[in-house]
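Right, one structure below, let's go through it.
2 protein chains.
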Amino acid sequence: MHLRDMTTIDTVACVGAGTIGGGWVAYFLARGLAVRVWDPSPDAADRLRRLIDNAWPALTELGLAEGADLDAWTVHTDLAEALDGVGFVQESAPEDLDMKRQLLADIARAAPSDIVIGSSTSGYSMTEMAAAVQDDAQAARLVVGHPFNPPYLIPLVEVVGGDRTDGAVTEWAASWYDAIGKSVIRMDREVPGFIANRLQEALWREALHMVQNGEATVEQIDRSITEGPGLRWPLQGPMLTFHLAGGEGGMAHMLDHFGPSLLSPWTRLEAPELTPRLRDTVVAGCEEAVGERSFDERVRARDAAIVAVREAVDDIRVTLPGGAG
Amino acid sequence: MHLRDMTTIDTVACVGAGTIGGGWVAYFLARGLAVRVWDPSPDAADRLRRLIDNAWPALTELGLAEGADLDAWTVHTDLAEALDGVGFVQESAPEDLDMKRQLLADIARAAPSDIVIGSSTSGYSMTEMAAAVQDDAQAARLVVGHPFNPPYLIPLVEVVGGDRTDGAVTEWAASWYDAIGKSVIRMDREVPGFIANRLQEALWREALHMVQNGEATVEQIDRSITEGPGLRWPLQGPMLTFHLAGGEGGMAHMLDHFGPSLLSPWTRLEAPELTPRLRDTVVAGCEEAVGERSFDERVRARDAAIVAVREAVDDIRVTLPGGAG
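Structure (structure tokens):
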């Protein structure tokens, strides 16, 4: 399968310019690309202007690519016109399966045959969404590239193909997002919610249960994260956090010591059985991530990160009208 | 019930000086208090010295209280001796119910009758832990004050009493932790895992299921948080994050629009039914938290926080031996 040489791409298309699609537009502009936008809303250009203006100071602070121009975009109501001359398409239509199916089929038909088409969907698999595409060669170029809000600041993009996606397309998409500065997780198979949203959603569902049962208020739930575990997560994910909490013994100690408490009714989600294989997989993953760094080095890095994050966020809270974020 | 005037307290006791107990010692020292430590391990003083030395630079960066002295602690193997002359006790023994029951009964018997005794437990309720205390007046002074690792940097403390805890003791403990600079969540009733750990644990359990089923690696799970939602959580908890993701329509829009997807099999945890009451409670909580700030002000604050957090963490990653945190 011949795919466009990504180093030649200077213009991309964004299909749908709401919160997520508009965020992609701002990001592509900051990376020095021109953007052709398809959005049927009469106020699309006004909303997009406001979104880009709000986003630009943060993007400037993080560093713009050479030639980045916050005005290098046009809005079109004709799809073929929006796709004219672009080297990549990012679809960010509302999360409506029928709409996505139709739109992706239209894009796949209209776009040149060497163009990869990424979808921002958070809720559907590409296997489901490509159902309306008759031509296998067209379906082969469709891949999920799932961002996080706001897409212009959160690095993560989850990349996963459907059952008709060509492996080379998934590979190309992962390289493309990486080349424009995203942090890519390439998944081997489709899982509902992908990875980060599954984890977020488990937390969110437990939070809703707690509100439902009068166990915690909205304010308590948010503060329990912002003043608690949320301060650790920008540097260390949940696995490394527990690895470090285990002291010198690390995750192995945590699982061997607290493994039984996995069976406690701490959340409404039942825990998996802690088999030796699961234990060893988790321990090995943590040890690989930590590498040669000593326990003391890791503690100091974690502490420095928490202090820096607290100071950064406190500074912003002070400047926010009405106080705490 | 007569309780110690907290403004007169200059010395506290820490019972147990492992990772959590030792972290409390470092924190109390930084707040200008002297600490008497009970810990039966022969190497307790050495481990504590190392923990305090590691913690002190971060505590200094955040600001020490007047008179804070990193040497103002002593270790004792006799409990009565450790409690001599202290104005507050923080118990941080290992999470072993029988051990905690015995130890809390011993502390409650030995400590003066106007002293509050806080427990760092993450896994047990005070109702369970106070079972070995015969005297109701002694049981009345026992309360959970649950910190997060490292206790010297993470502000959150969850405060909740057992069924024999005096309401004035819970009140006193909440005021005390607040007075020494902690961010207190006072819970009205005992819930296994309290609040933050229930939320963390839901995420953690879903992560273990994903590893168990080969859906994600340890590395992917951690990166999905550190490069994704983890960057938003120091400023905004999960509720406000969704409120802002809803655009001008906020949480009401999110729940009305995405409510049905709550029923999707996105995690192994089933969602609660989104009743009108639950919807309204969550929406009202978000609106109250946001107050009069405009959507654009909130977007700019969120963006500034994400940029500051990314820059802070990137700086630390660069200095960490072996690269990424």
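So the sequences go chain by chain: B and L.
Following our numbering, the numbering of the first sequence begins with 3 at its first residue and continues without gaps.
Following our numbering, the numbering of the second sequence begins with 3 at its first residue and continues without gaps.
Think of the CB as a built atom: it goes at the ideal place given N, C-alpha and C, for glycine as much as any other residue.
What does the alpha-carbon distance come out to for the pair Gly325(L) and Asp316(L)? Confidence in Gly325(L) is poor, its pLDDT being 47 and thus under 50, which makes the residue's placement unreliable; the coordinate value appears in the next sentence. Answer to the nearest angstrom: the Cα atoms are 10 Å apart.
Whether or not the stretch 187–196 of chain B and the stretch 246–254 of chain L are in contact is what I'm after, with contact meaning three or more pairs of Cβ atoms, one per stretch, closer than 8 Å; do they touch? no
Please state the DSSP three-state secondary structure of Phe90(B). strand
Taking the Cβ atom as the reference point for each residue, do Trp235(B) and Leu5(B) lie within a distance shorter than 9 Å? no
To the nearest angstrom, how far is the alpha carbon of Gly327(L) from that of Thr269(B)? Residue placement at Gly327(L) cannot be trusted, given a pLDDT of 43 that sits under 50; what the coordinates show is reported in the next sentence. Approximately 29 Å between the Cα atoms of the pair.
Does Pro152(L) have its Cβ less than 9 Å from a Cβ in chain B? yes
Using the beta-carbon count (16 or more within 10 Å), is Val320(B) buried or exposed? exposed
DSSP three-state assignment for Phe22(L), whether helix, strand or coil: Reading off the sequence, residue 22(L) comes out as Ile, not Phe. Ile22(L): helix per DSSP, three-state reduction.
Note down, in chain order, each residue of its chain lying with its Cβ closer than 6 Å to the Cβ of Met3(L), except the 5 sequence neighbours on either side. Asp168, Ala170
Short Cβ contact (9 Å threshold) for Ala53(L) with Gly24(L): For the record, residue 53(L) in the displayed sequence is Leu; it is not Ala. Yes, the Cβ-Cβ distance between Leu53(L) and Gly24(L) is below 9 Å.
Could you name the residues of the same chain whose beta carbon sits closer than 8 Å to that of Asp86(L), not counting the 5 residues immediately before and after it, in chain order? Arg38
Can you find at least 3 beta carbon pairs, one from the stretch 115–133 of chain B and one from the stretch 67–80 of chain B, that sit closer than 8 Å? no
Contact with chain L by Ile54(B), beta-carbon distance below 9 Å: no
Option in Pro149(B), Pro153(B), Arg166(B), Val193(B) with minimal Cα separation from Val159(B): Pro149(B)
Assess, as a yes-or-no matter, whether the stretch 213–225 of chain B is touched by the stretch 222–234 of chain L under the definition of 3 or more beta carbon pairs within less than 8 Å. no
Against chain B, which members of the stretch 237–258 of chain L pass a CB distance test of less than 7 Å? Leu237, Gln238, Gly239, Pro240, Met241, Leu242, Ala247, Gly249
Report yes or no: do the stretch 28–38 of chain B and the stretch 102–110 of chain B share at least 3 C-beta pairs separated by less than 8 Å? no
Entirely within the stretch 176–260 of chain L and at least 4 residues each: give me those alpha helix (DSSP H) ranges in chain order. 198–214, 220–228, 240–247, 252–260
Buried or exposed: Ala95(B), going by 16 or more other Cβ atoms within 10 Å of its Cβ? buried
For Asp298(L), return the contacting residues in chain B, with the cut-off set at a CB-CB distance below 7 Å. Asn56
Which residues in the same chain as Ile395(B) place their Cβ atom closer than 8 Å to its Cβ, once the five residues preceding and following it in sequence are excluded? This structure cannot settle anything about residue 395(B), because the visible part of chain B is limited to 3 through 327.
With a CB to CB cut of under 6 Å and the five nearest residues on each side skipped, what residues in its chain are close to Arg281(B)? Leu257
Can you tell me where the beta strand (DSSP E) holding Thr76(L) begins and where it ends? 75–78
According to DSSP, residues forming a beta bridge with His4(B): According to DSSP, which records beta bridges pairwise, His4(B) is partnered with nothing at all.
DSSP state of Ala60(B) mapped onto helix, strand, coil: helix
Beta carbon proximity, Leu276(L) to chain B, threshold 9 Å: yes
Quick one: does Met128(L) have its CB under 9 Å from some CB of chain B? no
Beta carbon proximity, Gln92(B) to chain L, threshold 9 Å: no
Under 8 Å from the C-beta of Arg270(B): neighbouring residues of chain L: Ala204, Leu271, Glu272
Return the bridge partner residues of Val159(L) from the DSSP annotation. Val186(L)
Anyone know if the C-beta pair for Ile308(L) and Ile182(B) falls short of 9 Å? no
Look up Ala84(B) in the DSSP assignment and say whether it is helix, strand or coil. helix
Looking at the structure shown, is Gly325(B) part of a helix, part of a strand, or coil, going by DSSP? With a pLDDT of 47 at Gly325(B), under the threshold of 50, the predicted position of this residue should be treated as unreliable, and no value is reported.
Note the first and the last residue of the continuous alpha helix (DSSP H) segment covering Arg103(B). 99–112
What do you get for Pro240(B), buried or exposed, if any count of 16 or more other CB atoms within 10 angstroms of its CB means buried? buried
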